[in-house]
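Chains as they are written, first to last, in our numbering: chain A, 283 to 586; chain B, 566 to 891; chain C, 195 to 509.
Just so you know, even glycine gets a beta-carbon here, dropped at the ideal spot from N, CA and C.
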């Protein structure tokens, strides 16, 4: 009594056709959807401006970040004649120059640490997901174990033990932030592994490394981009937290976290020194988060 | 015959990113007391959305116009509160996928008794007795034990029986069964269909049976409506639809249904072309690109559903027949 | 279920041991000791100090005696606060931090879940966007800025009004002294939980069983609270594990800003003073707490999700 008509077959055909049609223009589609998202586009532009200002800006200013204006060793309000466009801090150092320099440090830490996390997370995730079996279980058990550890404590201990050092900061933070990345990439790889084109690559004798590099990684790229965008602000926050504890970069070098912490100390008498770096930092964090959400919606429209 | 549900000019539109899409266009039909009406169509033909609209269960971006009368209540304009006095009470629905249609973190029993407490004003103890009795009536073995189980501990067939029991609890006048057997194994399908048939006899409930499986309809329905691209293209008695189909789409459907008495070497007929894309429906009759009898007129004009013999049909071929006859 | 609970605790012990070991050798193997940062100490006193702290014993001996003492709940003497043992310091500070942390967590869950549901039920409306904006703000403003802001508003601007709150200090846990720290600690997690709850509630509302529940004619409130909320809570519950760790970290900031004598502040001061025994004590305790919370989360999970419960029983 199973007189299943041909309708089921056409459904199957439709389903089979759909992914190829979507696949052809996945990135173009995503780009189109992202451009339609005004918050994400605005965020991208603001981020570019802040990044450009942080990395190029300091060379264009009359004062450097560590230069003390000996004539004015006090918190000066904005003064265009002297070239202090946003005033100075209580030691007479130019606030704009310091904020831009701090931005360079914060953004560098954010990006470098995220790439450390990315390298570890993607390797572990792809290997666990692709090889599977015991390797997968072992690696993921290890990730679970680390999840249950308050890792920030370890970052602090590392900073105390080995001293305050720019390289160590992003290495340590990166070594802490890779866990979620590993889980996400593993999940994606697991589903990819069962797809036909991977089977085909394997059947035609591709080595594991080659398959991971050539077939798996390009296909997890979307998720990875989204996650990178959302990890950078977390790292910037973590760095600012270390700075708050006095474990960030060494004075006179600075970062947004340090500037905010210094500013907070003078909050009542001189709120400008808090507000300026705080605006830069929160704007950056906002933009990264909006951009990340926008990218997620663009790359994975079924969520909406 | 006195009708239980009357749908007049029902249109359902969904707002999408690429504009409005009409999933159901100008559908009118009625179901008589104790009658079983089969609704047949491909996925996307609007057969489910017609009754989702009637139940007030459209997705957020959906909007229904027209009139759906259940007794004296227009279900489309009724407030949620008013709607809730009939939903699950005199008007019940059974869904396609019993695996996901029961709340996973609640015991089966609670999901049954909450209906009785809500609509029949029973207290917890009375509801429990009534619910266990109903589980027995839909032939669930060890009903009292199953009552205290979670959905995932039951097989697909048992879960669908639970869904049917849930629908029957308050003695409904109409049950809408949306693909009740599609997600089930073949042997279980037959059992569930037998159960639906016997409940219908036992409770004298009207049933709307939505399916893409003509075999299911043939065994159960009194009348059949065939839907294509959001419209009813043909409606008539089950015998007429199966033995003397008038609409080319109905004919096509029947032709491509494999028959047990066909020789094994017979090729399976198919309907050429693809199911319609609701966002870009062809002008005129939506079926014309696939229709073997297509005429010039079909490409520009949309045929209306008109009475023909025992049923109604929406095809210009009928006009030719009439003219040929006269 | 209890056997499962006990098994998880047994699994947690090696984890804790690994943490203790890594911590111990990390701190002892590095150059620079706890007495370096102080004003120069005469050599003979330094020798005495090192001897009294057993720092000249072979490392493995120090390690095993530390482990042995831990079993008795003895975290060793503090390097910095010479009159106190670490155990005494923790006994003072831990209850304070625990109360604040628990209060913040409860506050975050209650408000966060409420906001998340409100947003989910009004998806893509102004109310939804308002909640998203609040959540985003809570996430991007670091708690040390928030702490200073709260002090500025309630401690200074609203001074002498009825909304005035103490800008810091503990006063043995006076209610008014608790408000700002707890709020400051909870705010980022209100935001996170609101986002999580919104997403999971939207997903839950799209589930087939919600359609069934609505088709049964249940009032919308019952559908949401009885049928959707439980599944929507699962990701929130999962978040409680990491949230505990985050709140411990957050309490370092909050306790420093508001001058509260909790273990977060001890940890910060211990770290800056290289008071290794104190830092280790707090780290071990925190790790134990996080491990314990993860077990609790698993248990709550198994209560909410019958699948988990019975799969466990079967295995």
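Exercise. What in chain C is Cβ-close to residue 666 of chain B, meaning under 8 Å?
Worked result: What residue 666 of chain B touches in chain C, judged by beta-carbon distance under 8 Å, is 402, 403, 405 and 406, going in chain order.
Problem set entry | Anticipated Cβ contact below 8 Å, residue 359 of chain A with residue 369 of chain A, distance rounded | The Cβ separation is near 5 Å, so the contact holds.
Exercise. Is residue 611 of chain B closer than 8 Å to residue 409 of chain C when the C-beta atoms are compared?
Worked result: The Cβ atoms of residue 409 of chain C and residue 611 of chain B do not sit closer than 8 Å to each other.
For this session: Could you have a look at residue 462 of chain A and say whether DSSP puts it in helix, strand or coil?
Result: DSSP places residue 462 of chain A in helix when its eight states are reduced to three.
Problem set entry | Cutoff 6 Å; reference residue 244 of chain C; Cβ partners in own chain excluding five residues on either side | So the qualifying residues of the chain are 250.
Exercise. Short check: CB of residue 373 of chain C to CB of residue 317 of chain C, under 8 Å?
Worked result: Their beta carbons are not under 8 Å apart, which means residue 373 of chain C does not touch residue 317 of chain C by this criterion.
Exercise. Residue 499 of chain C versus chain B: which residues are under 7 Å apart at the beta carbon?
Worked result: Ordered by position in chain B, the residues that pass the 7 Å Cβ test against residue 499 of chain C are 670.
Problem set entry | Cα-Cα separation, residue 198 of chain C to residue 565 of chain A | So the two alpha carbons sit approximately 47 Å from each other.
For this session: Report yes if the CB atom of residue 430 of chain C is closer than 8 Å to the CB atom of residue 485 of chain C, and no otherwise.
Result: Cβ atoms of residue 430 of chain C and residue 485 of chain C: not closer than 8 Å.
Problem set entry | alpha helix (DSSP H) runs wholly inside the region 535-564 of chain A, at least 4 long, in chain order | List check, alpha helix (DSSP H) in window: 538-547.
Exercise. At a Cβ threshold of 8 Å, is residue 751 of chain B touching chain C?
Worked result: Not a single CB atom of chain C sits nearer than 8 Å to the CB of residue 751 of chain B.
Exercise. Does the pairing of the region 573-589 of chain B with the region 550-559 of chain A give three or more beta-carbon distances under 8 Å?
Worked result: Between the region 573-589 of chain B and the region 550-559 of chain A there are fewer than three C-beta pairs closer than 8 Å, too few to call the two in contact.
For this session: Count the other C-beta atoms from every protein chain shown that fall within 10 angstroms of the C-beta of residue 849 of chain B, then say buried if there are 16 or more, exposed otherwise.
Result: Residue environment for residue 849 of chain B: buried (at least 16 other C-beta atoms within 10 angstroms of its C-beta).
For this session: Determine the closest residue to residue 403 of chain C out of B:671, B:861 and B:865, with distance taken between C-alpha atoms.
Result: Of the candidates B:671, B:861 and B:865, B:671 places its Cα closest to the Cα of residue 403 of chain C.
Problem set entry | Of the listed residues C:275, C:333 and C:465, nearest to residue 441 of chain A (C-alpha basis) | Here the closest residue by C-alpha is C:465.
Exercise. Quick one: Cα of residue 257 of chain C to Cα of residue 441 of chain C, how far?
Worked result: If you take the alpha carbons of residue 257 of chain C and residue 441 of chain C, they lie about 30 Å apart.
Exercise. How far does the beta strand (DSSP E) with residue 601 of chain B in it reach, from first residue to last?
Worked result: Per DSSP, residue 601 of chain B belongs to the beta strand (DSSP E) from 601-605.
Exercise. For the alpha helix (DSSP H) that contains residue 769 of chain B, what are its first and last residues?
Worked result: Counting along the chain, residue 769 of chain B sits inside no alpha helix (DSSP H), nor does DSSP assign it H or E at all.
For this session: Report the neighbours of residue 468 of chain C on chain A: residues whose CB is nearer than 7 Å to its CB, in chain order.
Result: 442, listed in chain order.
For this session: Output yes if chain A places a C-beta closer than 8 Å to the C-beta of residue 248 of chain C; else output no.
Result: For residue 248 of chain C, the answer is no, since every Cβ of chain A falls outside 8 Å of its Cβ.
Exercise. Can you find a heavy atom of the ligand FAD that lies under 7 Å from the Cβ of residue 218 of chain C?
Worked result: The model depicted lacks the ligand FAD and carries no ligand whatsoever.
For this session: Work out the CA separation of residue 491 of chain C and residue 369 of chain C for me, nearest whole Å.
Result: Roughly 29 Å between the two C-alpha positions.
For this session: Would you list the one or two residues that DSSP bridges to residue 586 of chain B?
Result: Answer by DSSP bridge pairing, in chain order: B:579.
Exercise. Just checking my contact of residue 333 of chain C with residue 385 of chain C at CB under 8 Å: how many whole Å lie between their CB atoms?
Worked result: Taking C-beta atoms under 8 Å as the contact rule, residue 333 of chain C and residue 385 of chain C qualify, at a distance of about 5 Å.
Exercise. Per DSSP, residue 791 of chain B is paired with what?
Worked result: Residue 791 of chain B pairs with B:605 and B:799.
For this session: Determine the direct distance from the alpha carbon of residue 500 of chain A to that of residue 506 of chain A, and round the result to whole angstroms.
Result: Answer to the nearest angstrom: the Cα atoms are 10 Å apart.
For this session: State yes or no: is the beta carbon of residue 581 of chain B nearer than 8 Å to at least one beta carbon in chain C?
Result: Not a single CB atom of chain C sits nearer than 8 Å to the CB of residue 581 of chain B.
Exercise. Are the C-beta atoms of residue 425 of chain C and some chain B residue less than 8 Å apart?
Worked result: With a threshold of 8 Å between beta carbons, residue 425 of chain C makes contact with chain B.
Problem set entry | Where residue 409 of chain C meets chain B, residues with beta-carbon distance less than 7 Å | Neighbourhood of residue 409 of chain C in chain B, by CB distance below 7 Å: 620, 622, 652, 653 and 658, in chain order.
Exercise. If the cut is a Cβ gap below 8 Å, which residues of chain B does residue 429 of chain C touch?
Worked result: The contacting residues do not exist; residue 429 of chain C stays about 14 Å from chain B at best.
Exercise. What whole-angstrom Cβ distance do residue 518 of chain A and residue 563 of chain A have, given they're in contact under 8 Å?
Worked result: In this structure residue 518 of chain A is in contact with residue 563 of chain A, their Cβ atoms being roughly 7 Å apart against a cut-off of 8 Å.
Exercise. Do residue 656 of chain B and residue 724 of chain B come within 8 Å of each other at the CB atom, strictly closer than that value?
Worked result: Going by C-beta atoms, residue 724 of chain B is not nearer than 8 Å to residue 656 of chain B.
For this session: Give a yes or no on whether 8 Å exceeds the smallest Cβ distance from residue 381 of chain A to chain C.
Result: Interface annotation, residue 381 of chain A: not in contact with chain C, CB-CB separation never under 8 Å.
Exercise. Is residue 153 of chain C near residue 426 of chain C, with beta carbons less than 8 Å apart?
Worked result: Outside the displayed span of chain C (195 to 509) sits residue 153 of chain C, for which this structure offers no information.
Exercise. Terminal residues of the continuous beta strand (DSSP E) containing residue 872 of chain B?
Worked result: For residue 872 of chain B, the enclosing beta strand (DSSP E) stretches over residues 871-873.
For this session: For residue 412 of chain C, decide whether its Cβ has a neighbour in chain B, counting only Cβ atoms nearer than 8 Å.
Result: For residue 412 of chain C, at least one C-beta of chain B is nearer than 8 Å to its own C-beta.
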